[in-house]
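Student: Chains as they are written, first to last, in the UniProt record's numbering: chain P, 1 to 86; chain X, 1 to 86; chain L, 1 to 86; chain U, 1 to 86; chain S, 1 to 86.
For glycine and all other residues, C-beta sits at the position ideal for the given N, C-alpha and C.
Small disclaimer: the values here were computed from a predicted structure and weren't measured.
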Amino acid sequence: MDIFQVVDTLVCTLRVSGLDHCSLRVLRDAKGKLQVATDPVGVRPGNWVFTVNGSAGRYAMGDAKILTDLTIGGIIDDWDSDAAPV
Amino acid sequence: MDIFQVVDTLVCTLRVSGLDHCSLRVLRDAKGKLQVATDPVGVRPGNWVFTVNGSAGRYAMGDAKILTDLTIGGIIDDWDSDAAPV
Amino acid sequence: MDIFQVVDTLVCTLRVSGLDHCSLRVLRDAKGKLQVATDPVGVRPGNWVFTVNGSAGRYAMGDAKILTDLTIGGIIDDWDSDAAPV
Amino acid sequence: MDIFQVVDTLVCTLRVSGLDHCSLRVLRDAKGKLQVATDPVGVRPGNWVFTVNGSAGRYAMGDAKILTDLTIGGIIDDWDSDAAPV
Amino acid sequence: MDIFQVVDTLVCTLRVSGLDHCSLRVLRDAKGKLQVATDPVGVRPGNWVFTVNGSAGRYAMGDAKILTDLTIGGIIDDWDSDAAPV
Numbered sequence: 001m002d003i004f005q006v007v008d009t010l011v012c013t014l015r016v017s018g019l020d021h022c023s024l025r026v027l028r029d030a031k032g033k034l035q036v037a038t039d040p041v042g043v044r045p046g047n048w049v050f051t052v053n054g055s056a057g058r059y060a061m062g063d064a065k066i067l068t069d070l071t072i073g074g075i076i077d078d079w080d081s082d083a084a085p086v
Numbered sequence: 001m002d003i004f005q006v007v008d009t010l011v012c013t014l015r016v017s018g019l020d021h022c023s024l025r026v027l028r029d030a031k032g033k034l035q036v037a038t039d040p041v042g043v044r045p046g047n048w049v050f051t052v053n054g055s056a057g058r059y060a061m062g063d064a065k066i067l068t069d070l071t072i073g074g075i076i077d078d079w080d081s082d083a084a085p086v
Numbered sequence: 001m002d003i004f005q006v007v008d009t010l011v012c013t014l015r016v017s018g019l020d021h022c023s024l025r026v027l028r029d030a031k032g033k034l035q036v037a038t039d040p041v042g043v044r045p046g047n048w049v050f051t052v053n054g055s056a057g058r059y060a061m062g063d064a065k066i067l068t069d070l071t072i073g074g075i076i077d078d079w080d081s082d083a084a085p086v
Numbered sequence: 001m002d003i004f005q006v007v008d009t010l011v012c013t014l015r016v017s018g019l020d021h022c023s024l025r026v027l028r029d030a031k032g033k034l035q036v037a038t039d040p041v042g043v044r045p046g047n048w049v050f051t052v053n054g055s056a057g058r059y060a061m062g063d064a065k066i067l068t069d070l071t072i073g074g075i076i077d078d079w080d081s082d083a084a085p086v
Numbered sequence: 001m002d003i004f005q006v007v008d009t010l011v012c013t014l015r016v017s018g019l020d021h022c023s024l025r026v027l028r029d030a031k032g033k034l035q036v037a038t039d040p041v042g043v044r045p046g047n048w049v050f051t052v053n054g055s056a057g058r059y060a061m062g063d064a065k066i067l068t069d070l071t072i073g074g075i076i077d078d079w080d081s082d083a084a085p086v
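1) At the 8 Å Cβ level, is valine 52/S part of the contact set with chain L, yes or no?
2) Evaluate contact between the stretch 12-30 of chain X and the stretch 13-28 of chain P, counting only Cβ atoms and requiring at least three cross-stretch pairs below 8 Å.
3) Considering only the alpha carbon of each residue, which of Val41/L, Val6/L, Gly42/L, Arg58/L lies closest to valine 26/L?
4) Would you say alanine 60/X faces chain P, with C-beta separation under 8 Å as the test?
5) Spatial neighbours of serine 23/X within its chain, please: C-beta separation below 6 Å, excluding the five flanking residues on both sides.
6) On the CB-based measure, 16 or more other CB atoms within 10 Å of its CB, does valine 43/X come out buried or exposed?
7) Residues of the stretch 3-31 of chain X in Cβ contact with chain U at a cutoff of 7 Å, in chain order, please.
8) So serine 81/P contacts chain X; which residues on that side make the cut at Cβ distance below 7 Å?
9) Identify the residues that DSSP records as bridge partners of threonine 68/U: which are they?
10) Quick check on aspartate 39/S - is its C-beta less than 8 Å from some C-beta in chain L?
11) Out of curiosity, what's the CA-to-CA distance linking asparagine 3/S and lysine 31/U?
12) Any beta-carbon of chain X closer than 8 Å to the one on aspartate 69/P?
13) Between Trp48/X, Thr68/X, Met61/X, which lies nearest to alanine 56/U when the distance is taken from Cα to Cα?
14) What residues of chain L sit near alanine 56/P, judged by a beta carbon separation below 7 Å?
15) Span of the alpha helix (DSSP H) holding alanine 60/P?
16) Under three-state DSSP, which class holds leucine 19/L?
17) Give a yes or no on whether the minimum CB-CB distance between isoleucine 74/S and chain U is below 8 Å.
18) Taking Cβ positions only, does valine 86/L come closer than 8 Å to chain P?
19) Take isoleucine 76/L and list the residues in its own chain whose beta-carbon comes closer than 6 Å to its own, dropping the five residues that flank it on each side.
20) For a test of your reading of the model: does the CB of tyrosine 59/S fall under 7 Å from any non-hydrogen atom of the ligand SAH? Yes or no.
21) With burial defined as no fewer than 16 other Cβ atoms inside 10 Å of the residue's Cβ, what is the status of residue 92/S: buried or exposed?
22) Would you say valine 43/P faces chain X, with C-beta separation under 8 Å as the test?
23) Can the beta-carbon of valine 52/L be found less than 8 Å from the beta-carbon of leucine 10/L?
24) Taking only beta-carbon atoms, is proline 78/P less than 8 Å away from chain L?
25) Spell out the partners DSSP gives aspartate 8/P in its beta bridges.
26) Do you know offhand how far alanine 60/U's Cα is from lysine 33/X's?
27) Could you work out which residue in Arg28/U, Phe50/U, Asp29/U, Gly62/U is closest to glycine 74/U when comparing CA atoms only?
28) Please say whether leucine 70/X and methionine 1/U have beta carbons closer to each other than 8 Å?
29) Any idea if glycine 62/P is buried or exposed, counting beta-carbon neighbours within 10 angstroms, 16 or more meaning buried?
30) For valine 41/L versus isoleucine 66/L, is the C-beta spacing smaller than 8 Å?
31) Kindly indicate the opening and closing residues of the beta strand (DSSP E) around valine 36/L.
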């Protein structure tokens, strides 16, 4: 499971039907690489989160028909971003 | 899920039977790395998209017999490519 | 399977239900990259461990309903960290 | 799906039973990294191909008992290698 | 499938039950990165091997209950390590 900071919500009107009605978030890792994840938790920009990938990420949405490959698994209580390596 | 810009359509006459009749697109990420994805959405060169990998990518084609490992999940409405990190 | 050193326990109050009651550890690889893994073994900071990813990682928890993508598979008896390449 | 150039056939007498009788090819990506893939298509050194990974790669062999994680999905008709980024 | 050179056997007394009685090998790729793999073939330090990852790696052990994510698929007959790119 990877550690990311939430950047923003992804606005995406035209999407495949298996991702209808899902909240999509743009995340950034310690190196600056961006990823998109589904969000069953309800995060805000600036939160540090960890993510679950692959089939476990689908199950983590509570509905395996949601066609994600990356889901936010939780919000980290207290993360010292300065300690995160680059 | 990853973020890419659509480069072009991939022309590929000789392919395995599980990918017959699929539109294949060449995508480029923020670092310039190229990937190939199946396209159930109908994208155009220059569009910014996000992709779904693994088994979720097969289901996203609407037919799990399509043997892709990467499928375009949607077109991003408004993407500031200058903000994308290298 | 990858080799990591255990850094600390991840404190994460708000998480998806499939990860309730799991011990989560922050791990660091030879390049300094951090990952989060579930821990069925009982590790301590400083231990060198190897991890199992994907669906095998779920099964390694002894309960495939645990929605992890990375599980600690064992503690390495004697690891010469100086020999680990950067 | 990734883009590679075919380097050579891999000669490998001693292998697990799930890969008996498979043609194995050594592929090189734009950065020079080598990978091994099963070949249901019949490629020649120098061809540019795209590959399918994971379980889709097994199905692409036409026999899911073949224990590959990477299968050549097709030969690209016309690839400008100079355009491939490093 | 990836190409590695066998470094050594991994000594790991405390491990999850799904990996009991498995031979674990430390492998090094062309860039020096280390990985751990299960070994159904019987390799020796210095051998060049290719590996199978994911669920195919479990099946390659001949027993899908073995909770590996990387299995040695075969020993390469004749590998020119100088030709391996860094």
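Tutor: According to the structure data:
1) In the fifth sequence, residue 52/S corresponds to position 52, counting from 1. Output row for valine 52/S: interface = no.
2) no
3) Looking up residue 26/L in the third sequence gives position 26. It is Val6/L.
4) Within the second sequence, the letter at position 60 stands for residue 60/X. Closer than 8 Å to some Cβ of chain P, the Cβ of alanine 60/X qualifies, so yes.
5) Walking along the second sequence from the start, residue 23/X turns up at place 23. These residues qualify, in order along the chain: Asp39.
6) Looking up residue 43/X in the second sequence gives position 43. Buried.
7) Leu10, Val11, Cys12, Thr13, Leu14, Arg15, Val16, Gly18, Leu19
8) Translated into the one-based positions of the first sequence, residue 81/P becomes position 81. Near serine 81/P there are no residues of chain X at all, since even the closest Cβ is about 16 Å away, more than 7 Å.
9) Start at 1 with the first residue of the fourth sequence, and residue 68/U comes out as number 68. BP columns for threonine 68/U are empty, so no partner.
10) Residue numbering aside, residue 39/S sits at position 39 when the fifth sequence is read from its first letter. With 8 Å as the cut-off, aspartate 39/S does not count as an interface residue toward chain L.
11) Residue 3/S sits at position 3 when you count from the first residue of the fifth sequence. Residue 31/U sits at position 31 when you count from the first residue of the fourth sequence. The amino acid occupying residue 3/S in the given sequence is isoleucine; asparagine does not appear at that position. Near 15 Å, if we compare the C-alpha coordinates of lysine 31/U and isoleucine 3/S.
12) Taking the first sequence and counting its residues from 1, one reaches residue 69/P at position 69. Answer yes: the Cβ-Cβ gap between aspartate 69/P and chain X drops below 8 Å somewhere.
13) Position 56 of the fourth sequence, counted from the first residue, corresponds to residue 56/U. Nearest C-alpha to alanine 56/U: Thr68/X.
14) As a working note, residue 56/P is residue 56 in the first sequence. Those within 7 Å of alanine 56/P in chain L are Arg58, Leu67, Thr68, Asp69.
15) Within the first sequence, numbered from 1, the residue matching residue 60/P stands at position 60. Its alpha helix (DSSP H) spans residues 55-60.
16) For the purposes of this step, residue 19/L is identified with residue 19 of the third sequence, where counting begins at 1. Correct three-state label for leucine 19/L: helix.
17) Position 74 of the fifth sequence, counted from the start, is the residue given in the question as residue 74/S. Sequence inspection shows glycine at residue 74/S; the isoleucine mentioned does not correspond to that position. So yes, glycine 74/S belongs to the interface.
18) As a working note, residue 86/L is residue 86 in the third sequence. Confidence in valine 86/L is poor, its pLDDT being 42 and thus under 50, which makes the residue's placement unreliable; the coordinate value appears in the next sentence. By this cut-off, valine 86/L is not an interface position.
19) Locating residue 76/L in the third sequence gives position 76, where the first residue counts as 1. Closer than 6 Å at the Cβ level, and outside the excluded window around isoleucine 76/L, lie Trp48.
20) Among the components modelled here there is no ligand, and therefore nothing to report on the ligand SAH.
21) Outside the shown range of chain S, which is 1 to 86, sits residue 92/S, and nothing can be said about it.
22) Residue mapping note: residue 43/P aligns to position 43 of the first sequence, counting from 1. Chain X, which has no Cβ nearer than 8 Å to the Cβ of valine 43/P, makes this no.
23) In the third sequence, the residue the question calls residue 52/L occupies position 52. In the third sequence, the residue the question calls residue 10/L occupies position 10. Taking 8 Å as the Cβ cut-off, valine 52/L and leucine 10/L do not qualify as a contacting pair.
24) For the purposes of this step, residue 78/P is taken as the residue at position 78 of the first sequence. Reading the sequence as shown, one finds aspartate at residue 78/P and not proline. Interface residue, yes.
25) Sequence index remark: in the first sequence, residue 8/P carries index 8 (1-based). Note: aspartate 8/P sits in a beta bridge opposite Val26/P.
26) For the purposes of this step, residue 60/U is taken as the residue at position 60 of the fourth sequence. For the purposes of this step, residue 33/X is taken as the residue at position 33 of the second sequence. Near 24 Å, if we compare the C-alpha coordinates of lysine 33/X and alanine 60/U.
27) Position 74 of the fourth sequence, counted from the first residue, corresponds to residue 74/U. Among Arg28/U, Phe50/U, Asp29/U, Gly62/U, the Cα nearest to that of glycine 74/U belongs to Phe50/U.
28) By 1-based counting over the fourth sequence, the position of residue 1/U is 1. By 1-based counting over the second sequence, the position of residue 70/X is 70. Yes. Within cutoff.
29) Indexing the first sequence from 1 puts residue 62/P at position 62. Classification for glycine 62/P: exposed.
30) Locating residue 41/L in the third sequence gives position 41, where the first residue counts as 1. Locating residue 66/L in the third sequence gives position 66, where the first residue counts as 1. No, Cβ-Cβ distance for valine 41/L and isoleucine 66/L is not below 8 Å.
31) Along the third sequence, read from residue 1 onward, the residue named residue 36/L stands at position 36. It spans 34-38 - the beta strand (DSSP E) in which valine 36/L sits, taken as one unbroken run.
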